[in-house]
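Have a look at the structure below, then the notes.
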């Protein structure tokens, strides 16, 4: 193992100045986009469940909820389309060498995703704009493929990401270029199954808790009509049912990482040297000498969790040269993200059990205000777990962009660091504006609907033209 | 034809599809930009909103395919493009965000001042995005890009790029106005038929002037592509584009708006195909051929399979969307639809 100073100089020689802004730009845009993904994947499904209920039972409240969710979906999907397009561009703008060398090995997943996404956009347009003029059941059935298409899109993305984690389906030829590509092996890599199911279920779970959270807030504010009850129950039930499933899937992916990406596992569990009887740390910070500061230390537990026995050998970070595993800071980040995800996930299970218990015992929603307080928080908490899961998998893979085959520093664009920092600044400003406008509009829609429901008119009837003559009720000073 | 050649052909078809579908979209944004103040622009903007709404997302997904087919089928080509043309492509990406978000957020907003901001973002980005994409094409076609070329101003701020950028903007304005004329006719908005028809004719004149300027500029600046466009199949396609343009003008005068849409699409698609044919056998004239850039043969065969499956699956859905849209069966939810019907007020909210 090289001594610390020489390893550092080696690292700095490998890290061009544009790597940091490129990485920050990718991280920022992906972290923003991923917030919209659960709703994009699973809100159509939840809406269709409600829609079906409305049609089947002739329930106007259910139909109203489905229509309103459609209206939200229209805005949310549009913002998701543009932030997703940015990510597509960034593959070329930030990591051209990765695409240049590996594009034909792992790009096919994106091909599937592209077509699935196209189908989704088409079917969603028909669904969103079909409420008024299509026959009710025809309209419903045209929407039914949406959840499947969304799952197909996720298939493509996860195939590509899991390939970056456990690349396969090629041989290395001269000059390190891939030859003899075997497509099926490149799509179905070892991490694909665990990643795909863990991700797909996370999307449904998160969307369920987010939507239910909105009505939990209404419930807490005393709006306890059937509208709020239904708006809470349908999405919350979807989420509560799959929360325990996610626990099993989460365990499966952690074990798959242990076997297939042992160094990433070492980072998420702060294991420095390969050993048996490895303790588990809840939080804590890894130090450059391999010790862990702070946190709660549980002896033997990590070995037990990884292999059901304290004798299980766990690979440590130092099993590979210093330049080939996440740095101390990166390992700590991955570890915290992992612990937050597992912690929140465990709390969500308790919440789901509370709900299930109440239905079993009383055939009714829980009565306690504390339940609704927790349910209101569950939406934000599950979005946090999605972010954490993504941080765990991406930061834990460092310094590799393609695990053991290409470093992030080898893939990065040659564009000057200054240009990338400027672009990052611009993107942050644009995204802040877009996301705050998106949030403001969704909140305003909610207020408007509530006022209409309560018989209070808000700002007068909507003018359908973008720049219609100023309505009489326009707020003074609202114009330019 | 080799698998690489087939994938290149598919790529060209997808580029043409994006130029037409996305072009209509950008063009609508262009006319939104120049529609004037709140009162004068009210009617045209109403039509633009109404026509674009159900289809704009699908129209823009074509761009995603261009990227995916490029990096899967021709990895080196993709790397070359995004290295050498970094700035115009980055700016186009920012433009896409502003455009999409501006359009989507304007609709559910009520206050005029906010609508103006979103509308302005949408409309200005509708002008800049096609310009930058066109400029990138100009840099590529003029041979300023080659594998290993680093980003510089010259790759996209050169005579060919500027002409190509302006031509792209003019083409989108032309497509947009023709489609909006037909939509106005379909919705029996008589005043708007005349309004957009005049603009279609005007944009055709601008397009013709720019095309002539382009011919002069590219003769020395982009000799390979110029040669391809002035001989053989390239020339046939250029002539087809001219016939399409003149036919569109004539059909608009006759009031055959549905057919005018077809000829307008033929015109733009012919230009795109002409450019592709003129570049043969290069993806990047004159440094990277299709055969040199082609990815692994297995991947190319699989990519073709994925494309065939997609055509079978997406095709009917897309046809359904456009049919429903042109028949006026798709309409946004209005405020009344989102209001609680009397029957739904089972228990008064206890506030």
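Residue numbers (our numbering), protein chains in the order written: chain A, 1 to 480; chain B, 1001 to 1351.
All C-beta atoms, glycine included, are put in the ideal place defined by N, C-alpha and C.
Query raised in the report: Would you call the stretch 189-196 of chain A and the stretch 253-264 of chain A touching, i.e. three or more CB-CB distances under 8 Å?
Result: yes
Requested in this report: Just the C-alpha distance for residue 1167 of chain B and residue 1283 of chain B, rounded to the nearest angstrom, thanks.
Outcome: On the second chain, position 167 is the one that residue 1167 of chain B refers to. On the second chain, position 283 is the one that residue 1283 of chain B refers to. Distance between the alpha carbons of residue 1167 of chain B and residue 1283 of chain B: 21 Å.
Query raised in the report: Considering only the beta carbon of each residue, do residue 213 of chain A and residue 54 of chain A sit closer than 8 Å?
Result: Position 213 of the first chain, counted from the first residue, corresponds to residue 213 of chain A. Position 54 of the first chain, counted from the first residue, corresponds to residue 54 of chain A. Contact: no.
Report task. Taking residue 1359 of chain B as part of the alpha helix (DSSP H), name the residues at either end of that continuous run. Result -> The question about residue 1359 of chain B has no answer here: the residues shown for chain B are numbered 1001 through 1351.
Query raised in the report: Is the beta carbon of residue 1031 of chain B less than 8 Å from the beta carbon of residue 1177 of chain B?
Result: For the purposes of this step, residue 1031 of chain B is taken as residue 31 along the second chain, with counting starting at 1. For the purposes of this step, residue 1177 of chain B is taken as residue 177 along the second chain, with counting starting at 1. A contact, by the Cβ cut-off of 8 Å.
Query raised in the report: Which of the three DSSP states, helix, strand or coil, is assigned to residue 387 of chain A?
Result: The sequence position of residue 387 of chain A within the first chain is 387, counting from 1. If DSSP states are grouped into helix, strand and coil, residue 387 of chain A belongs with the helices.
Query raised in the report: Do residue 331 of chain A and residue 286 of chain A come within 8 Å of each other at the CB atom, strictly closer than that value?
Result: On the first chain, residue 286 of chain A is found 286 positions in, with the first residue counted as 1. On the first chain, residue 331 of chain A is found 331 positions in, with the first residue counted as 1. Yes, they are a contact pair.
Report task. Classify residue 1011 of chain B as buried or exposed, calling it buried when 16 or more other Cβ atoms lie within 10 Å of its own Cβ. Result -> The residue labelled residue 1011 of chain B in the question sits at position 11 within the second chain. Buried is the call here.
Query raised in the report: Taking Cβ-Cβ distances shorter than 8 Å, what residues in chain B pair up with residue 99 of chain A?
Result: Your numbering for residue 99 of chain A matches position 99 in the first chain. Within 8 Å Cβ-Cβ: 1071, 1075, 1078, 1079 and 1082.
Requested in this report: Can you give me the Cβ contacts of residue 1130 of chain B inside the same chain, cut-off strictly under 6 Å, excluding the 5 residues immediately before and after it?
Outcome: Within the second chain, residue 1130 of chain B is the residue found at index 130, counting from 1. Here the set comprises 1026, 1168, 1169 and 1172.
Query raised in the report: Measuring CA to CA, which of A:388, A:441 and A:434 is closest to residue 1101 of chain B?
Result: Numbered from 1 along the second chain, position 101 holds the residue referred to as residue 1101 of chain B. If we check each option's Cα against that of residue 1101 of chain B, A:434 comes out closest.
Report task. Can you tell me which of B:1057, B:1065, B:1092 and B:1073 puts its alpha carbon nearest to the alpha carbon of residue 481 of chain A? Result -> For chain A, the structure presents residues 1 to 480; residue 481 of chain A sits outside this window and is missing.
Query raised in the report: How is the alpha helix (DSSP H) around residue 431 of chain A delimited, first residue to last?
Result: Position 431 of the first chain, counted from the first residue, corresponds to residue 431 of chain A. First-last of the alpha helix (DSSP H) with residue 431 of chain A: 417-453.
Query raised in the report: Using 8 Å as the limit for Cβ to Cβ distance, is residue 1337 of chain B near chain A?
Result: In the second chain, counting from the first residue as 1, residue 1337 of chain B sits at position 337. Residue 1337 of chain B counts as touching chain A.
**Report entry** residue 175 of chain A burial status per 10 Å Cβ neighbour count (16 or more: buried)
**Finding:** As a working note, residue 175 of chain A is residue 175 in the first chain. Exposed: under 16 other Cβ atoms inside 10 Å.
Query raised in the report: Going along the chain, which residues of the stretch 405-431 of chain A sit with their C-beta nearer than 9 Å to a C-beta in chain B?
Result: 413, 414, 415, 416, 419, 423, 426, 427, 430 and 431
**Report entry** Cβ pair residue 401 of chain A, residue 164 of chain A closer than 8 Å
**Finding:** On the first chain, residue 401 of chain A is found 401 positions in, with the first residue counted as 1. On the first chain, residue 164 of chain A is found 164 positions in, with the first residue counted as 1. Yes, they are a contact pair.
Query raised in the report: Would the beta-carbon of residue 91 of chain A fall within 8 Å of that of residue 186 of chain A?
Result: For the purposes of this step, residue 91 of chain A is taken as the residue at position 91 of the first chain. For the purposes of this step, residue 186 of chain A is taken as the residue at position 186 of the first chain. At the C-beta level, residue 91 of chain A and residue 186 of chain A stay beyond 8 Å of one another.
**Report entry** Nearest neighbour of residue 205 of chain A, chosen from A:403, A:431, A:424 and A:38 [CA to CA]
**Finding:** Indexing the first chain from 1 puts residue 205 of chain A at position 205. When each option's Cα is compared against that of residue 205 of chain A, the closest is A:38.
Query raised in the report: Rounded to a whole number of angstroms, what is the C-alpha to C-alpha distance between residue 161 of chain A and residue 404 of chain A?
Result: Taking the first chain and counting its residues from 1, the one referred to as residue 161 of chain A is at position 161. Taking the first chain and counting its residues from 1, the one referred to as residue 404 of chain A is at position 404. Whole-angstrom Cα-Cα distance: 14 Å.
Report task. Out of A:121, A:280, A:30 and A:222, state which residue places its alpha-carbon closest to the alpha-carbon of residue 369 of chain A. Result -> Position 369 of the first chain holds residue 369 of chain A. Checked all of A:121, A:280, A:30 and A:222; the closest Cα to residue 369 of chain A is A:222.
Query raised in the report: So, does the CB of residue 1292 of chain B fall closer than 8 Å to a CB anywhere in chain A?
Result: What you label residue 1292 of chain B is simply residue 292 of the second chain in a count that begins at 1. Taking 8 Å as the CB threshold, residue 1292 of chain B stays off the interface with chain A.
Requested in this report: Tell me, please, which residues DSSP counts as bridged to residue 292 of chain A.
Outcome: In the first chain, the residue the question calls residue 292 of chain A occupies position 292. Partner(s): A:286.
Query raised in the report: Are the Cβ atoms of residue 96 of chain A and residue 73 of chain A separated by less than 8 Å?
Result: The sequence position of residue 96 of chain A within the first chain is 96, counting from 1. The sequence position of residue 73 of chain A within the first chain is 73, counting from 1. For residue 96 of chain A and residue 73 of chain A, no; Cβs fall outside 8 Å.
Requested in this report: State whether the stretch 430-447 of chain A contacts the stretch 1103-1110 of chain B, with contact taken as three or more CB pairs (one from each stretch) at a distance under 8 Å.
Outcome: yes
Query raised in the report: What is the DSSP secondary structure of residue 215 of chain A, counted as helix, strand or coil?
Result: Translated into the one-based positions of the first chain, residue 215 of chain A becomes position 215. Here residue 215 of chain A carries a helix assignment [DSSP, helix/strand/coil].
Requested in this report: Determine whether the Cβ of residue 70 of chain A lies closer than 8 Å to any Cβ atom of chain B.
Outcome: Residue 70 of chain A sits at position 70 when you count from the first residue of the first chain. Taking Cβ atoms only, chain B reaches closer than 8 Å to residue 70 of chain A, which makes this a yes.
**Report entry** CA nearest to the CA of residue 292 of chain A, picked from A:271, A:300 and A:308
**Finding:** Within the first chain, residue 292 of chain A is the residue found at index 292, counting from 1. Among A:271, A:300 and A:308, the Cα nearest to that of residue 292 of chain A belongs to A:271.
Query raised in the report: How do the stretch 1038-1050 of chain B and the stretch 1294-1304 of chain B stand: do at least 3 beta-carbon pairs fall below 8 Å, yes or no?
Result: no
Query raised in the report: By how many angstroms is the C-alpha of residue 397 of chain A removed from the C-alpha of residue 342 of chain A?
Result: Within the first chain, numbered from 1, the residue matching residue 342 of chain A stands at position 342. Within the first chain, numbered from 1, the residue matching residue 397 of chain A stands at position 397. Computed Cα separation, rounded: 19 Å.
Query raised in the report: For residue 357 of chain A, does the count of other Cβ atoms within 10 angstroms reach 16, so buried, or fall short, so exposed?
Result: The residue labelled residue 357 of chain A in the question sits at position 357 within the first chain. So residue 357 of chain A counts as exposed.
Requested in this report: Measure the Cβ-Cβ separation of residue 126 of chain A and residue 1338 of chain B and say whether it is below 8 Å.
Outcome: By one-based count along the first chain, residue 126 of chain A stands at place 126. By one-based count along the second chain, residue 1338 of chain B stands at place 338. No; because the gap between Cβ atoms is not below 8 Å, this pair is not in contact.
Requested in this report: Would you list, in sequence order, the uninterrupted alpha helix (DSSP H) runs of no fewer than 4 residues that lie entirely inside the stretch 1066-1127 of chain B?
Outcome: 1075-1084 and 1086-1106
Requested in this report: Classify residue 420 of chain A as buried or exposed, calling it buried when 16 or more other Cβ atoms lie within 10 Å of its own Cβ.
Outcome: Here the question's residue 420 of chain A lines up with position 420 in the first chain. Buried: at least 16 other Cβ atoms inside 10 Å.
Query raised in the report: Going by alpha carbons, who is nearest to residue 407 of chain A out of A:80, A:102 and A:308?
Result: Stepping through the first chain from its first residue, residue 407 of chain A is reached at position 407. When each option's Cα is compared against that of residue 407 of chain A, the closest is A:102.
Query raised in the report: Where does residue 1330 of chain B sit, in a helix, a strand or coil, going by DSSP?
Result: One-based indexing of the second chain puts residue 1330 of chain B at position 330. DSSP places residue 1330 of chain B in coil when its eight states are reduced to three.
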